[in-house]
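Working notes for the structure below.
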Amino acid sequence: SSLRSLISLYSLHAVPTLAAPMAIEAARLSPSLAAAAFLGRRSPPTAPLLRRLCLLLPRRSLLASASTSSSRASSGGDDRVVALSSSELRKRRGSTSSTPTPGEDDKLRSLRRLFARPDIAIDAYIVPSQDAHQSEFIAECFMRRAYLTGFTGSAGTAVVTKNNAAFWTDGRYFLQAEKELSHDWTLMRSGNHGVPTTIEWLNDVLPSGSRVGIDPFLFSSDAAEELKAAISDKNHELILIRDFNLVDEIWGESRPAPPNEPTRVHAIKYAGVDVASKLSFVRSQLDENGCDTVVISMLDEVAWLLNMRGSDVPHSPVFYSYLTVEMSTATLFVDSNKVSEEVLEHLKKAGVKLKSYEAILFDVERLAEKGAKLWLDSSSVNAAIVSVFRSGCDRYMRKRGKTERQIGKEASSDDPTTKKRGVQNMELNGLYKASPVTLAKSVKNESEIRGMKNSHLRDAAALAEFWCWIEEEVRNNVALTEVQVAENLLEFRRKQDGFIETSFDTISGYGANGAIIHYRPTPDSCSSVGSDNLFLLDSGAQYVDGTTDITRTVHFGEPSPRQKECFTRVLQGHIALDQAVFPERTPGFVLDVLARSSLWKIGLDYRHGTGHGVGAALNVHEGPQSISYRYGNLTALQKGMIVSNEPGYYEDNSFGIRIENLLLVKEVNLANSFGGISYLGFEKLTFVPIQRKLIDLPLLSPSEINWVNEYHEQVWEKVSPFLSGNSLNWLLVNTRPL
1 SSLRSLISLY SLHAVPTLAA PMAIEAARLS PSLAAAAFLG RRSPPTAPLL
51 RRLCLLLPRR SLLASASTSS SRASSGGDDR VVALSSSELR KRRGSTSSTP
101 TPGEDDKLRS LRRLFARPDI AIDAYIVPSQ DAHQSEFIAE CFMRRAYLTG
151 FTGSAGTAVV TKNNAAFWTD GRYFLQAEKE LSHDWTLMRS GNHGVPTTIE
201 WLNDVLPSGS RVGIDPFLFS SDAAEELKAA ISDKNHELIL IRDFNLVDEI
251 WGESRPAPPN EPTRVHAIKY AGVDVASKLS FVRSQLDENG CDTVVISMLD
301 EVAWLLNMRG SDVPHSPVFY SYLTVEMSTA TLFVDSNKVS EEVLEHLKKA
351 GVKLKSYEAI LFDVERLAEK GAKLWLDSSS VNAAIVSVFR SGCDRYMRKR
401 GKTERQIGKE ASSDDPTTKK RGVQNMELNG LYKASPVTLA KSVKNESEIR
451 GMKNSHLRDA AALAEFWCWI EEEVRNNVAL TEVQVAENLL EFRRKQDGFI
501 ETSFDTISGY GANGAIIHYR PTPDSCSSVG SDNLFLLDSG AQYVDGTTDI
551 TRTVHFGEPS PRQKECFTRV LQGHIALDQA VFPERTPGFV LDVLARSSLW
601 KIGLDYRHGT GHGVGAALNV HEGPQSISYR YGNLTALQKG MIVSNEPGYY
651 EDNSFGIRIE NLLLVKEVNL ANSFGGISYL GFEKLTFVPI QRKLIDLPLL
701 SPSEINWVNE YHEQVWEKVS PFLSGNSLNW LLVNTRPL
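Going by the UniProt record's numbering, the final residue of the sequence shown carries number 738, and the count climbs one at a time with no gaps.
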């Protein structure tokens, strides 16, 4: 399978941004990173596209006239087990904690009926997790994959054929998927030995010449192109169903209403740079790359660029919108009822016009037909927008009387006479590369850094009060469920100045539930927290000035020697990464081995990346940087970036361990500077004690012991001024030297 397919399966929400020397290597590894092919030259119908882009419009269900139609994966860490249905996987584990939800068979049956419609006529349909903006967290009305499959995790892809239904997810969600999927679905454990990709599976189960349908609004242009090329090997055809989403049709009137929350201005004291300056930077990039307009579709990029925030998406202060930036103007495509007078004045001051959300297709089409050169990040801009743009370009060239031969010649090189830039990446009038906002947003300015530091200290105070409270409750044998623990943590955070909401669903996992990497407790299925096993708590918050993400693992009783050894080795990896010093232009994957080495020494590992980027009062998962064994992301770590440091270990059906702090990339002063380059390291942002009784002290080196003691000394110095009474005493006890 292609490198991009591998990246998309495992990515920590990263978008590669390549320095010049690395771009050459990236192109060698995956030519698809450098070019995209046409999705098709037929001009899409304009009016249906408008209807399709509206978030929710009443329409006649296709079901009314639809006629009836008729590997491998690992369980429990054993890569030799073939792919099985979820019910069979649960049976092998001896688990009966999950039962199929009534009506799930009806969803698949109803979906398959639509396949037979003459105007659809497909043999398979792919349902990804994303919305039209490739978001990780999405509004409830766009949770189509969750509705269809019953799986509530944030990552996964469902593929339905006339006779099969398969679901792919990564190692963070294997156990959760086993519990939540019904017997109708076959679980595909992505990344395990012998497990086919979605494309390999489709090519294997479908007869030659089949038609595979997708909603082009839910696939990036790159993803759609790779899918189209890969299935063509078996003479399959990719069908872009633009006018409606098939899952929406079976969801019907029970589908939740679209978000309609107001936006707000993100104050300059937190943003650090005004909108005019940010737009000026983007325009300088347009000029440098010979483009007229850039289309911004990632929601956090729009919010960052315009110094705005919203609440359309759970846990992320963003709002559904698109943005186009031209050399003399900018246009925000958003529902006008989300824009207050204050926000309107803020935008007007920066020279930003407003248009309706669904008007983006019309404007892209209009620009293409005028011959404008557009910058499109094909890794994030959806295939529907790109196909409209390419169709508009075709019409523009036909108006100019260009033949296909002339178009191909123009596309091959720059004009040496006028020095006018030719087509980039083999596409006339289009530049397909990472958005100019992606990297700029990831490198925080001084105001953003200050806000992140301040919000982390307030968050640390809330956590100190929380841990003090829960230890007392457990000691007094107070019955607490995982859900109640998460709810109480939320109340402690709500007391802090500037708190807005959680930055993701709190992972509150006791015992075996802690081994489910992205576990989310529910009132009807959660466990009680006790003193006989480990308790893993991964949580975060959105504050007006910053975003937090922290994981701590504790034991309220006496940990076993096995638990202490595993915890200590995870801690050693955490320390090794925290202490890393590395030359500038080092990509994050180079550092990943530091966090795993201690676990590897006893044959252990974990199925997730070690670090992800974090936004400043924005998305808790941010690209393009990451620290991971997935070497496809060549983004260099830069001064001002923020990443997580979160190695872990998970023993299926037993316990989970993870230790997570956020780190700020900083320049370090060294005695030498080999090659005249700068060297970088990390500065801690998170200050919450690490439980001392879980540490197997003989395993630690003297320098590792010093690290723990120095960290706890910092925690005391920075957080104690925010506390008093019992919580202050708790902090004192838990920051004593080893």
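Ideal placement from N, C-alpha and C gives every residue a C-beta, glycine not left out.
Q. Quick one: Cα of residue 739 to Cα of E369, how far?
A. Because the chain spans 1 through 738 in this model, residue 739 falls outside it and cannot be assessed.
Q: Would you mind stating whether P523 and V483 have Cβ atoms separated by less than 9 Å?
A: yes
Q. Less than 9 Å separating the beta-carbons of K538 and T547?
A. As written in the sequence, residue 538 is Asp, which differs from the Lys given in the question. Contact: no.
Q. Roughly how many whole angstroms lie between the Cα atoms of P559 and I507?
A. 21 Å
Q. Which same chain residues, not among the five before or five after L490, have their C-beta less than 8 Å away from its C-beta?
A. T502, T506
Q: State the start and end residues of the unbroken beta strand (DSSP E) segment that holds Y629.
A: Unbroken run through Y629: none, as it is neither H nor E.
**Q.** Pick from V302, V313, F389, Y543 that is closest to V352, judged by C-alpha positions
**A.** V302
Q: Mark K399 as exposed unless 16 or more other C-beta atoms lie within 10 angstroms of its C-beta, in which case mark it buried.
A: exposed
Q | W600, buried or exposed, once every other Cβ within 10 Å from all chains shown has been counted against 16 | A | exposed
Q | Distance between Q134 and A158 (C-alpha atoms, nearest Å) | A | 16 Å
Q) Should I602 be labelled buried (16 or more other beta-carbon atoms within 10 Å of its own) or exposed? A) exposed
Q: Would you mind working out which of T161, F137, Y631 sits nearest A124, comparing C-alpha positions?
A: T161
Q: Could you check the C-alpha separation between G40 and P259 for me, to the nearest Å?
A: Because the pLDDT at G40 is just 31, under 50, the model does not fix this residue reliably, and the point stays unresolved.
Q. Tell me the DSSP bridge mates of R390?
A. Bridge partners of R390: none, in fact.
Q: With DSSP collapsed to three states, give me the class of D696.
A: coil
**Q.** C-alpha distance - P689 paired with T735, whole-angstrom precision
**A.** 6 Å
**Q.** Three-state secondary structure assigned by DSSP to residue 742
**A.** No answer is possible for residue 742: it lies beyond the span of the chain, which begins at 1 and ends at 738.
Q: Taking 9 Å as the cut-off, decide whether the C-beta atoms of K684 and Y711 are in contact.
A: yes
Q. Would G408 be called buried (16 or more neighbouring beta carbons within 10 Å of its own) or exposed?
A. Note on G408: pLDDT 45, under 50, position unreliable in the model; the coordinate value appears next. The residue in question, G408, is exposed, as its Cβ has fewer than 16 Cβ neighbours within 10 Å.
Q. Whose C-beta lies closer than 6 Å to the C-beta of W730 among residues of the same chain, with five residues either side of it excluded?
A. C468
Q: Within 10 angstroms of the Cβ of K373, are there 16 or more other Cβ atoms? Answer buried if so, exposed if not.
A: buried
Q.
Could you give the first and the last residue of the continuous alpha helix (DSSP H) run that contains F115?
A. 104 to 115
Q) How about F492 and L463: do their beta carbons lie closer than 9 Å? A) yes
Q: Could you tell me how far apart the beta carbons of A595 and G573 are, in whole angstroms, since I believe they sit closer than 8 Å?
A: 4 Å
Q | Buried or exposed by the 16-neighbour rule on C-beta atoms within 10 Å, applied to T635 | A | buried
Q. So is N382 in contact with chain D if we call contact Cβ pairs under 9 Å?
A. Absent from the structure is chain D; it holds one protein chain and no more.
Q: Have a look at L728 and A460 and give me their C-alpha separation to the nearest angstrom.
A: 12 Å
**Q.** Nearest to H236 (by Cα), restricted to the options G150, S316, P317, I122
**A.** I122
**Q.** Environment of P216 [buried if 16+ CB atoms lie within 10 Å]
**A.** buried
Q | Three-way DSSP call (helix, strand, coil) for N235 in this model | A | coil
**Q.** For Q166: DSSP bridge partner residues
**A.** This sequence places Ala at residue 166; Gln is not what is there. Its beta-bridge partners are V159, T186.
(Q) Could you check whether L306 and A350 sit closer than 9 Å to each other, using their CB atoms as the reference points? (A) yes
Q: Sort V443, A177, N164, S221 by Cα distance to T198 and report the nearest one.
A: N164
Q: Mind the definition here: the region 210 to 227 touches the region 176 to 189 only if three or more C-beta pairs lie below 8 Å; say whether that holds.
A: no
Q. Among R607, L618, Y650, which one has its Cα closest to the Cα of R630?
A. R607
Q: Please specify which runs of the beta strand (DSSP E), each continuous and at least 3 residues long, are wholly inside the region 245 to 331, giving them in chain order.
A: 293 to 296, 322 to 326
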